[in-house]
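**Student:** For the sequence shown, the positions run 12 to 503 when the numbering used here is used. Below is a structure I'd like to ask you about.
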Amino acid sequence: MEFIGIDVGSQGTKLVLLSHSGKILAEENSSYPIEYPQLGWAEQDPKHWETATLNGLKSIISQSKNPDKIVSIGIAAQVDGIIPIDRRGSPLHKAIVWMDRRATEEEKLIGKAIGEEEIFATTGCNLDASHVLPKILWLKNHTAILKKTYKLLVPASYILFFLTGKFGLDYANASSTLMYKVKEKVWDDDILREFAISRSLLPEIFPSTHIMGNLRKEIAVFLGLSNPPLVAVGSGDEHAACVGAGAIDKGVAFNMAGTGEVVGASSSLPLFDKSRLVETHGHPSSEHWFLENPGFVSGGNLRWFRDNLSTIGERRLSYNDLIKDAELIPPGSEGLIFLPTLMGAMVPECNSQARGNLYGLSLSSTRAHITRAILEGSAYGMKDVMEALKNMGLTFSKIRVSGGGSRSRLWNQIKADVLNLPVETLSTPETTSLGAALIGATSYGAYPNLKIASECSIKIKDVVTPGDQRTEYEHIYPRYRDLYFSIKPLFK
12 MEFIGIDVGS
22 QGTKLVLLSH
32 SGKILAEENS
42 SYPIEYPQLG
52 WAEQDPKHWE
62 TATLNGLKSI
72 ISQSKNPDKI
82 VSIGIAAQVD
92 GIIPIDRRGS
102 PLHKAIVWMD
112 RRATEEEKLI
122 GKAIGEEEIF
132 ATTGCNLDAS
142 HVLPKILWLK
152 NHTAILKKTY
162 KLLVPASYIL
172 FFLTGKFGLD
182 YANASSTLMY
192 KVKEKVWDDD
202 ILREFAISRS
212 LLPEIFPSTH
222 IMGNLRKEIA
232 VFLGLSNPPL
242 VAVGSGDEHA
252 ACVGAGAIDK
262 GVAFNMAGTG
272 EVVGASSSLP
282 LFDKSRLVET
292 HGHPSSEHWF
302 LENPGFVSGG
312 NLRWFRDNLS
322 TIGERRLSYN
332 DLIKDAELIP
342 PGSEGLIFLP
352 TLMGAMVPEC
362 NSQARGNLYG
372 LSLSSTRAHI
382 TRAILEGSAY
392 GMKDVMEALK
402 NMGLTFSKIR
412 VSGGGSRSRL
422 WNQIKADVLN
432 LPVETLSTPE
442 TTSLGAALIG
452 ATSYGAYPNL
462 KIASECSIKI
472 KDVVTPGDQR
482 TEYEHIYPRY
492 RDLYFSIKPL
502 FK
């Protein structure tokens with residue numbers, strides 16, 4: 012048996028072909044742009060996702076020695092996006108993606124109508140413009156699109172519909188909408204009534220491993236598959252990545268280092284963070300909840316710096332070039348502190364109005380100093396989240412890191428030093444597509460549950476332990492927090 016996992020991410024789509032023994036047989040990826048049409052806005056064309064998914068499937072199936080052995084497809088995708096579609100399944104608007112902050116006024120409207128505390132107590136999520144409900148209300152208040160809308164889909168449910176022709180949504184994605192009762196695992200009819208959103212516009216909610224049906228016949232024919240594989244409902248990207256990283260056990264924190272920096276942990280109980288830095292989300296494993304800060308822009312900050320401020324003549328420096336130079340800079344970047352809040356703050360608090368800051372520049376500051384400060388700023392944000400998780404009663408012996416950022420040993424060392432925890436990396440850094448494949452495999456019945464599925468597939472590649480620099484960061488971390496709260500009044 013072979014299983015396919017699809018990860019429709021912010022910067023591209025990644026696919027993996029997995030054997031029953033947990034061996035990666037093939038990988039494929041492609042990229043596409045994020046558009047920033049206005050300050051605080053971020054959009055993508057869903058047709059790019061379709062093209063990347065089809066091309067990726069075509070390529071990865073061609074690498075299988077026996078395509079008839081492919082029995083399932085699992086889906087993972089970026090959370091918090093919204094795509095309205097018409098009855099034909101065509102998008103009526105570009106996808107408003109997770110980092111978009113246009114709906115700040117709608118965020119305030121929700122707060123006045125229901126209250127931030129009530130929203131958090133019911134949904135497990137902070138009232139924030141990044142979530143789905145404010146974006147729906149923005150469409151309602153600024154366009155006539157909802158009058159033509161047949162369904163409101165998030166990225167995972169959009170790809171699920173594209174592949175199967177059926178509508179469905181998993182617990183994890185539903186839990187990030189602000190329209191979902193996280194304990195009861197159902198849509199919140201009171202919230203829907205308050206904002207006149209018809210429940211018929213929303214997909215039905217299922218466990219991640221629920222089988223929605225087979226791959227559409229026309230797609231199977233295009234791909235050359237005589238036996239269309241089963242397609243599972245799937246999950247959000249960080250939630251699937253948690254499964255792919257084997258971070259379902261107690262004592263293992265999880266970090267997905269991609270465009271956004273997700274930090275969280277699995278829990279058998281729906282715990283709530285009094286500080287509200289950590290949200291309570293659904294989990295691909297129906298017996299668990301995922302306690303997470305849903306992601307502050309991190310790798311996206313480094314990409315912004317590389318794309319806009321890191322050229323020599325006509326040559327744009329690579330990430331490896333930047334990080335190699337940053338290795339020569341001492342811990343603390345000689346007084347330079349970067350706040351990872353270019354698209355609003357998710358650390359050290361949730362604040363849609365916040366913007367990035369680079370503090371401590373001098374005539375001796377170089378590109379390498381800024382690069383290291385960006386890496387350190389992400390680690391400080393991670394520490395904010397880890398402290399909140401500890402205050403919820405969780406304890407950790409390690410943190411397991413996945414995603415493209417996990418390939419950087421310098422970044423992993425900085426994280427180990429700032430968090431004072433061993434950082435484990437995996438032989439397969441892209442655990443989101445792996446987790447999606449495991450969700451599909453479990454739905455087929457290849458494994459009894461997701462915990463056993465992940466145990467069969469994970470392989471630890473490296474362990475980075477805290478070094479002497481950790482004492483230096485113990486002094487710098489409070490300065491990072493002081494900086495944010497000192498300039499907070501300027502964000503208004």
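Beta carbons: idealized from backbone N, C-alpha and C, even for Gly.
Using alpha carbons as the reference points, say which of His153, Ser209 and Glu205 lies closest to Ala162.
**Tutor:** The displayed chain sequence assigns Lys, not Ala, to residue 162. Nearest option by C-alpha distance: Ser209.
**Student:** Taking buried to mean at least 16 other C-beta atoms within 10 Å of its own C-beta, is Glu205 buried or exposed?
**Tutor:** By the 10 Å Cβ count, Glu205 comes out exposed.
**Student:** Please classify Ala276: is it buried, with 16 or more other beta-carbons within 10 angstroms of its beta-carbon, or exposed?
**Tutor:** With 16 or more other Cβ atoms within 10 Å, it is buried.
**Student:** In chain order, what are the residue ranges of uninterrupted alpha helix (DSSP H) at least 4 long that sit wholly in the region 357-442?
**Tutor:** 378-402 and 420-430
**Student:** Report all residues from its chain with a CB closer than 6 Å to the CB of Gly85; omit the five preceding and five following residues, and keep chain order.
**Tutor:** Gly16, Ala243, Gly245, Ala447, Ala448, Ile450 and Gly451
**Student:** Between the C-alpha atoms of Asn137 and Asn184, what's the straight-line distance to the nearest angstrom?
**Tutor:** 15 Å
**Student:** Nearest CA to the CA of Leu386: which residue from Glu360, Gly255 and Pro341?
**Tutor:** Pro341
**Student:** For Leu150 and Thr115, what's the separation of their Cα atoms in angstroms?
**Tutor:** 13 Å
**Student:** In the DSSP output, which residue or residues are listed as bridge partners for Gln22?
**Tutor:** Looking at the DSSP output, Gln22 shares a beta bridge with no other residue.
**Student:** Provide the residue(s) that pair with Ser42 in DSSP beta bridges, ordered along the chain.
**Tutor:** Gly23
**Student:** Would you grab the beta carbon distance between Gly135 and Pro281 for me? Rounded to a whole angstrom, and I think it's under 8 Å.
**Tutor:** 7 Å
**Student:** Report yes or no: do three or more beta-carbon pairs, one from the region 66-74 and one from the region 109-123, lie closer than 8 Å?
**Tutor:** no
**Student:** Tell me the DSSP secondary structure of His292 in three-state form.
**Tutor:** strand
**Student:** Check each candidate in Glu118, Ile71 and His142 and name the one with the smallest Cα separation from Asp91.
**Tutor:** His142
**Student:** Starting from Lys470, trace the alpha helix (DSSP H) in both directions and tell me its first and last residue.
**Tutor:** Neither: Lys470 is in no alpha helix (DSSP H) and is coded neither H nor E.
**Student:** Rounded to a whole number of angstroms, what is the C-alpha to C-alpha distance between Lys499 and Pro359?
**Tutor:** Rounded to whole angstroms, the separation of the alpha carbons of Pro359 and Lys499 is 11 Å.
**Student:** Since Ala252 and Thr436 should fall inside the 8 Å C-beta cutoff, what is the C-beta to C-beta distance between them, to a whole number of angstroms?
**Tutor:** Not really, about 13 Å apart at Cβ, beyond 8 Å.
**Student:** Going residue by residue through the region 109-140, where are the continuous alpha helix (DSSP H) segments of at least 4 residues, counting only ones entirely within it?
**Tutor:** 115-124 and 127-134
**Student:** I'd like to know whether the C-beta atoms of Val396 and Pro433 end up nearer to each other than 8 Å.
**Tutor:** no
**Student:** How do the region 169-177 and the region 52-64 stand: do at least 3 beta-carbon pairs fall below 8 Å, yes or no?
**Tutor:** yes
**Student:** Taking 8 Å as the cut-off, decide whether the C-beta atoms of Ser363 and Ala140 are in contact.
**Tutor:** The Cβ-Cβ distance between Ser363 and Ala140 falls below 8 Å.
**Student:** Can you list, in chain order, the residues of its chain whose CB lies under 7 Å from that of Gly100, leaving out five sequence neighbours each side?
**Tutor:** Excluding residues within five positions, the ones whose Cβ falls inside 7 Å are Phe172.
**Student:** CA-CA distance, Arg420 and Lys472?
**Tutor:** 12 Å
**Student:** Please return the same chain residues whose Cβ sits closer than 7 Å to the Cβ of Ile469, not counting the five positions on each side in sequence.
**Tutor:** Ala256, Gly257 and Leu437
**Student:** Ordered along the chain, which non-local residues of its own chain (more than five positions away) have a Cβ less than 8 Å from that of Gly509?
**Tutor:** Not covered by the structure: residue 509. The range shown for the chain is 12 to 503.
**Student:** Over what stretch of residues does the beta strand (DSSP E) that includes Glu303 continue unbroken?
**Tutor:** Trp300 to Val308
**Student:** Just grab the DSSP bridge partners of Val273 for me.
**Tutor:** Met267.
**Student:** Return the chain-ordered list of same chain residues with a C-beta closer than 6 Å to the C-beta of Ile94, the five sequence neighbours on each side being excluded.
**Tutor:** Pro57, Pro102, Ala106, Leu164 and Tyr169
**Student:** Who pairs with Tyr191 in a beta bridge, going by DSSP?
**Tutor:** Trp198
**Student:** Taking Asp428 as the reference, give the member of Arg98, Ile410, Tyr191 and Gly414 with the closest Cα.
**Tutor:** Ile410
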